[in-house]
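Participant: Throughout the sequence shown, residue numbering follows my numbering, covering 25 to 230 in sequence.
Ideal placement from N, C-alpha and C gives every residue a C-beta, glycine not left out.
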Amino acid sequence: MSNLIEKFLAIPTTAISDATGGHTNLDAKIKPLSDHYKIAGRAVTVRLPDGENKAVLEAISIAQKGDIIVIDAKGNTNRAVAGDFVASLAKGLGIQGFVVNGVIRDIAAMRELDFPIFALGTTVASGNKHGGGKVNVPIAIGGVSVQPGDFIVGDVDGVVVIPQGEEEEILKKAEEKLAKDEAREKEALANGEESIRKYLEKALAK
25 MSNLIEKFLA
35 IPTTAISDAT
45 GGHTNLDAKI
55 KPLSDHYKIA
65 GRAVTVRLPD
75 GENKAVLEAI
85 SIAQKGDIIV
95 IDAKGNTNRA
105 VAGDFVASLA
115 KGLGIQGFVV
125 NGVIRDIAAM
135 RELDFPIFAL
145 GTTVASGNKH
155 GGGKVNVPIA
165 IGGVSVQPGD
175 FIVGDVDGVV
185 VIPQGEEEEI
195 LKKAEEKLAK
205 DEAREKEALA
215 NGEESIRKYL
225 EKALAK
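(1) Indicate whether Asn77 and Val94 have their beta-carbon atoms separated by less than 8 angstroms.
(2) Using three-state DSSP, classify Gly116 as helix, strand or coil.
(3) Alpha carbon to alpha carbon, what distance is there between Glu193 and Glu136?
(4) Given a threshold of 16 other Cβ atoms within 10 Å of its Cβ, counted over all protein chains shown, does Phe139 qualify as buried or as exposed?
(5) Which of the three DSSP states is assigned to Phe265 in this structure?
(6) Whose CA, out of Ala64, Gly46, Asp205, lies closest to the CA of Lys31?
(7) Relative to the C-alpha of Ile232, which candidate in Asp96, Asp179, Ala133, Ser112 has its C-alpha closest?
(8) Look at the alpha carbon of Asn236 and the alpha carbon of Val168, and state the distance between them as a whole number of angstroms.
(9) Identify whether Asp96 lies in helix, strand or coil by the three-state DSSP scheme.
(10) Please identify the residue among Ser58, Ala227, Lys62 whose C-alpha is closest to the C-alpha of Ala133.
(11) Rounded C-beta distance between Thr101 and Gly45? I'm assuming under 8 angstroms.
(12) Tell me the DSSP bridge mates of Arg71?
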């Protein structure tokens with residue numbers, strides 16, 4: 025695991041969102057299937073025709089360890105882009121997780137597999153495998169454009185996209201924001217009601 029991935033895994037998406045200005049947060053409807061999921065890594069993008077999923081297998085075959093498969097399934101909630109078997113293939117190759125503008129299936133088995141999935145939800149129907157999907161092309165997912173190689177960070181609060189080349193700058197800003205927030209909390213809660221009222225007085229005076 026790269027040092028960059030480890031550093032981003034240690035920072036909540038809320039601080040990263042603040043560092044980016046909140047302009048690259050995916051739609052809040054794309055949620056983790058379990059609250060403890062946390063991912064950080066490079067995007068391998070997939071653009072799927074409506075109801076399709078064959079290109080997901082292609083993306084898994086070319087992804088590197090630590091990558092995240094980001095799938096534009098056009099918001100289709102009728103057919104799944106993957107089930108537990110496909111997820112197990114990805115996990116076995118060291119892929120960190122899926123971020124899907126669509127749905128998955130086999131949710132009980134998925135949770136048992138403990139492979140991070142961020143999606144619109146679940147369904148019972150499998151996707152078609154007729155082809156026509158594209159891998160590592162620009163996509164739009166959750167209202168945000170994603171380029172192959174962009175950095176993706178997700179946790180219980182949501183998913184943030186960091187454009188490729190801006191990782192170090194955003195990391196620095198996020199770490200500074202986190203430190204500032206921790207200092208503010210320490211100051212405000214140091215002496216119970218007295219320090220809370222002092223903080224509120226100062227904050228409202230700005």
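Facilitator: The relevant details are as follows:
(1) Taking the first residue of the sequence shown as 1, we reach residue 77 at position 53. Taking the first residue of the sequence shown as 1, we reach residue 94 at position 70. Cβ distance not < 8 angstroms, so Asn77 and Val94 don't count as in contact.
(2) The count along the sequence shown starts at 1 and reaches residue 116 at position 92. Gly116: helix per DSSP, three-state reduction.
(3) Stepping through the sequence shown from its first residue, residue 136 is reached at position 112. Stepping through the sequence shown from its first residue, residue 193 is reached at position 169. Straight-line spacing of the CA atoms in Glu136 and Glu193 works out to 36 angstroms.
(4) For the purposes of this step, residue 139 is taken as residue 115 along the sequence shown, with counting starting at 1. Answer is buried; the Cβ neighbour count reaches 16.
(5) The requested residue 265 is not part of the displayed model; the chain covers only 25 to 230.
(6) Here the question's residue 31 lines up with position 7 in the sequence shown. In terms of CA proximity to Lys31, Ala64 leads the group Ala64, Gly46, Asp205.
(7) Residue 232 lies beyond the residue range present for the chain, which begins at 25 and ends at 230; the question has no answer from this structure.
(8) The chain is shown from 25 up to 230; residue 236 falls before or after that span and cannot be answered.
(9) For this step, residue 96 is matched to residue 72 along the sequence shown. Residue state, collapsed to three classes: strand.
(10) Position 109 of the sequence shown, counted from the first residue, corresponds to residue 133. Of the listed residues, the one whose Cα sits closest to Ala133 is Ser58.
(11) As a first step, residue 101 must be located in the sequence shown, where it is residue number 77. As a first step, residue 45 must be located in the sequence shown, where it is residue number 21. 30 angstroms between Cβ atoms; not a contact.
(12) For the purposes of this step, residue 71 is identified with residue 47 of the sequence shown, where counting begins at 1. Residue pairing by DSSP places Arg71 opposite Asp96, Lys158 in a beta bridge.
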